[in-house]
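If you read the sequence shown in the numbering used here, its first letter stands for residue 53, the second for the next number, and so on.
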Amino acid sequence: MMPLWGIIVIGAYTSASFCGKSGVPFSVEVSPSGAPVLGCAQPSCVAQPTDDFDDSVFNTDLSGQVDGFFREGDRGRQGFLQTNKLRANCSGDFDQLACSRKNQWIGGIEYIDHPRQPLLLQCCTFEGLRFSQIVGVTPIRPGEAVTGGEVVRDGRQISFDVIANIRKIVDYNDHKMFVHYSFCPLKMTECCHLRVSTNVGHYRFQYSCQADSDRKVKKQTRPQRVRSPFPHR
């Protein structure tokens, strides 16, 4: 017998974005239609792809909306010293509802355009997250985004805000079954050190924060909930 969720999503639009083993999820946007857009980066502490092979995957729907992107300029600016840099170990399957371990982030998101279908995640483990901390949870709605990335102090990168987890939340009291997400961000301080974010349904993020003195230097020490125009760049 076909499972119920398999019957529900027949004919629904499906897409799956993936940052790749050398990509780090640093942002998530929600398009006006409610689809997540995964932003990927390659900070200085992450190793380049072997033989420069780019294994990231992004798709474009019939309206021209992309489901993810790699930050412009990251691929070409890495140096030759790759010996001590780490690379993520990704499962290869979109088969998880959450990436909840401390050394995990969301490497990819499979989105099915149906309100009763949860996001399916591909989780990646990264040893550079072992000293990261979760700080909070952030909800975002269609037309909004959460953005992490480098945290710089005195001209030096001290950490990197990462999106660790995301969860889809549906308001069944709304006749349109309104969709939002909750994100959980982390701060990665090993390379940097990385900060991670983990919970989305509204999309929800959690972060691990640096000292207060760091926050004063850079106002956006944590990923911020912002409105962003679509379609995405």
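Ideal placement from N, C-alpha and C gives every residue a C-beta, glycine not left out.
Assuming the contact rule is C-beta atoms closer than 8 Å, Ser-108 and Gly-72 should be a hit. Round their C-beta distance to whole Å, please. In the sequence shown, the residue the question calls residue 108 occupies position 56. In the sequence shown, the residue the question calls residue 72 occupies position 20. Taking C-beta atoms under 8 Å as the contact rule, Ser-108 and Gly-72 qualify, at a distance of about 4 Å.
Quick check: what's the CA-CA separation for Gln-209 versus Val-222? The residue given as residue 209 occupies position 157 in the sequence shown. The residue given as residue 222 occupies position 170 in the sequence shown. Computed Cα separation, rounded: 37 Å.
Assuming Ile-218 and Trp-157 form a contact by the criterion Cβ under 8 Å, report the distance between their Cβ atoms to the nearest whole angstrom. Residue 218 sits at position 166 when you count from the first residue of the sequence shown. Residue 157 sits at position 105 when you count from the first residue of the sequence shown. The C-beta distance from Ile-218 to Trp-157 rounds to 10 Å, too long to meet the 8 Å contact threshold.
Please report the Cβ distance between Ser-69 and Asp-119, rounded to the nearest whole angstrom; I am assuming they are in contact, meaning their Cβ atoms lie under 8 Å. Looking up residue 69 in the sequence shown gives position 17. Looking up residue 119 in the sequence shown gives position 67. For Ser-69 against Asp-119, the beta-carbon gap comes to about 4 Å, under 8 Å, which counts as contact.
Where does Gly-116 fall in DSSP's three states? Indexing the sequence shown from 1 puts residue 116 at position 64. DSSP, reduced to helix, strand and coil, places Gly-116 outside both helices and strands of the structure shown, so it counts as coil.
Using the C-alpha atoms, what's the distance from Phe-212 back to Met-240? Taking the first residue of the sequence shown as position 1, residue 240 is located at position 188. Taking the first residue of the sequence shown as position 1, residue 212 is located at position 160. Take the alpha-carbon of Met-240 and the one of Phe-212: they are about 5 Å apart.
Might you give, ordered along the chain, the residues of its own chain that have their beta carbon closer than 6 Å to the beta carbon of Arg-123, omitting 5 neighbours on each side? Stepping through the sequence shown from its first residue, residue 123 is reached at position 71. Within its own chain, the residues whose Cβ lies closer than 6 Å to the Cβ of Arg-123, once the five positions on either side in sequence are excluded, are Ala-93, listed in chain order.
When you compare each of Thr-112, Gln-185 and Gly-159 to Val-80 by their alpha carbons, which one comes out closest? The residue you call residue 80 lines up with position 28 of the sequence shown. The residue with the shortest Cα to Cα distance from Val-80 is Gly-159.
Taking just the CA atoms, how far does Ala-87 sit from His-166? For the purposes of this step, residue 166 is taken as the residue at position 114 of the sequence shown. For the purposes of this step, residue 87 is taken as the residue at position 35 of the sequence shown. Per the coordinates, the alpha-carbon of His-166 lies some 10 Å from the alpha-carbon of Ala-87.
Who are the near neighbours of Asn-111 in its chain, counting only those whose CB is closer than 6 Å to its CB and skipping five residues on each side? As a first step, residue 111 must be located in the sequence shown, where it is residue number 59. Same-chain partners within the cutoff: Ser-67 and Asp-119.
Counterpart residues of Gln-156 in DSSP-defined beta bridges: For the purposes of this step, residue 156 is identified with residue 104 of the sequence shown, where counting begins at 1. Bridge pairing for Gln-156: Thr-177 [DSSP].
Do you know offhand how far Pro-199's Cα is from Ile-186's? Translated into positions along the sequence shown, residue 199 becomes position 147. Translated into positions along the sequence shown, residue 186 becomes position 134. As written in the sequence, residue 199 is Thr, which differs from the Pro given in the question. Each residue's Cα considered, the two are about 16 Å apart.
How big is the Cα-Cα spacing for Glu-179 and Asn-141? Numbered from its first residue, the sequence shown carries residue 179 at position 127. Numbered from its first residue, the sequence shown carries residue 141 at position 89. Using only the alpha carbons, I get a separation of about 9 Å.
Can you say whether Arg-153 is buried or exposed, counting buried as having 16 or more other CB atoms within 10 angstroms of its CB? By one-based count along the sequence shown, residue 153 stands at place 101. Counting the other Cβ atoms within 10 Å of the Cβ of Arg-153 gives fewer than 16, which makes it exposed.
Contact defined as beta carbons within less than 8 Å: I believe Val-203 pairs with Cys-236. What is the distance between those atoms, to the nearest angstrom? Numbered from its first residue, the sequence shown carries residue 203 at position 151. Numbered from its first residue, the sequence shown carries residue 236 at position 184. At roughly 17 Å, the Cβ-Cβ gap does not stay under 8 Å, so Val-203 and Cys-236 are not in contact.
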